[in-house]
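**Student:** Residue numbers (UniProt numbering): 1 to 132.
Each residue gets a CB set at the ideal place from its N, CA and C atoms; glycine is no exception.
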Amino acid sequence: MSESLVVCDVAEDLVEKLRKFRFRKETNNAAIIMKIDKDKRLVVLDEELEGISPDELKDELPERQPRFIVYSYKYQHDDGRVSYPLCFIFSSPVGCKPEQQMMYAGSKNKLVQTAELTKSCCYLTGLMVASV
1 MSESLVVCDV AEDLVEKLRK FRFRKETNNA AIIMKIDKDK RLVVLDEELE GISPDELKDE
61 LPERQPRFIV YSYKYQHDDG RVSYPLCFIF SSPVGCKPEQ QMMYAGSKNK LVQTAELTKS
121 CCYLTGLMVA SV
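1. Please list the segments of the alpha helix (DSSP H) lying wholly inside the UniProt domain "ADF-H" (4-132), counting only runs of 4 or more residues, in order along the chain.
2. Whole angstroms are fine: how far does the CA of LEU42 sit from the CA of THR125?
3. Mark LYS25 as exposed unless 16 or more other C-beta atoms lie within 10 angstroms of its C-beta, in which case mark it buried.
4. Measure the C-alpha to C-alpha separation of ASP9 and ARG64 and round it to an integer number of angstroms.
5. Expressed to the nearest angstrom, what Euclidean distance is found between the alpha-carbon atoms of HIS77 and LYS40?
6. Closest to GLU48 by C-alpha separation, out of PRO62, LYS58, ILE33 and LEU57, would be which residue?
7. Whose C-beta lies closer than 6 Å to the C-beta of LEU127 among residues of the same chain, with five residues either side of it excluded?
8. In angstroms, rounded to a whole number, what distance separates the CA positions of LYS35 and SER91?
9. I'd like to check one pair, LEU61 with SER72: are the Cβ atoms closer than 8 Å?
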């Protein structure tokens, strides 16, 4: 299999933060929001949020700039079990600069691989959500 094009690498401190986030013991909803530092060509931490609902998370995202999000939330199964899945979300609102969209799209696979979030992804464009 050929290597994917990598536009931006992932900052080392972010790699460690994502590793810790994957194995967190807290049971509240939480998110790590990431952005691209275009001068350094690195995916870096933008914001960490605790106790945040999906609607509140949506309100925290910039209206005209892409972002990567890793979101952990409480999920109650039909049989009563509780789990805390981890979701990777790529937010690319309508109206973003094409250069930004390309940088984020070209860095997504590297981030997903680095954060070991390979089970599922969601892409947000405007208000539409598509699961992959």
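**Tutor:** Let me spell this out:
1. Fully contained in the UniProt domain "ADF-H" (4-132) are the following alpha helix (DSSP H) runs of length 4 or more, in chain order: 12-22, 54-60 and 98-114.
2. Indexing the sequence shown from 1 puts residue 125 at position 125. Indexing the sequence shown from 1 puts residue 42 at position 42. Model confidence at THR125 stands at a pLDDT of 48, short of 50, so the residue's coordinates are unreliable and nothing is read from them.
3. To locate residue 25, count along the sequence shown from 1; it is residue 25. The residue in question, LYS25, is exposed, as its Cβ has fewer than 16 Cβ neighbours within 10 Å.
4. Here residue 9 is taken as the residue at index 9 of the sequence shown, counted from 1. Here residue 64 is taken as the residue at index 64 of the sequence shown, counted from 1. Their Cα atoms are separated by approximately 22 Å.
5. By one-based count along the sequence shown, residue 77 stands at place 77. By one-based count along the sequence shown, residue 40 stands at place 40. Whole-angstrom Cα-Cα distance: 42 Å.
6. Start at 1 with the first residue of the sequence shown, and residue 48 comes out as number 48. Looking from the CA of GLU48, the closest CA among PRO62, LYS58, ILE33 and LEU57 belongs to ILE33.
7. In the sequence shown, counting from the first residue as 1, residue 127 sits at position 127. At LEU127, the pLDDT of 41 sits below 50, so the modelled position is not reliable and the matter cannot be decided from this model.
8. Reading the sequence shown from its first residue, position 35 is the one you call residue 35. Reading the sequence shown from its first residue, position 91 is the one you call residue 91. Computed Cα separation, rounded: 10 Å.
9. In the sequence shown, counting from the first residue as 1, residue 72 sits at position 72. In the sequence shown, counting from the first residue as 1, residue 61 sits at position 61. Between SER72 and LEU61, the CB-CB gap reaches or exceeds 8 Å.
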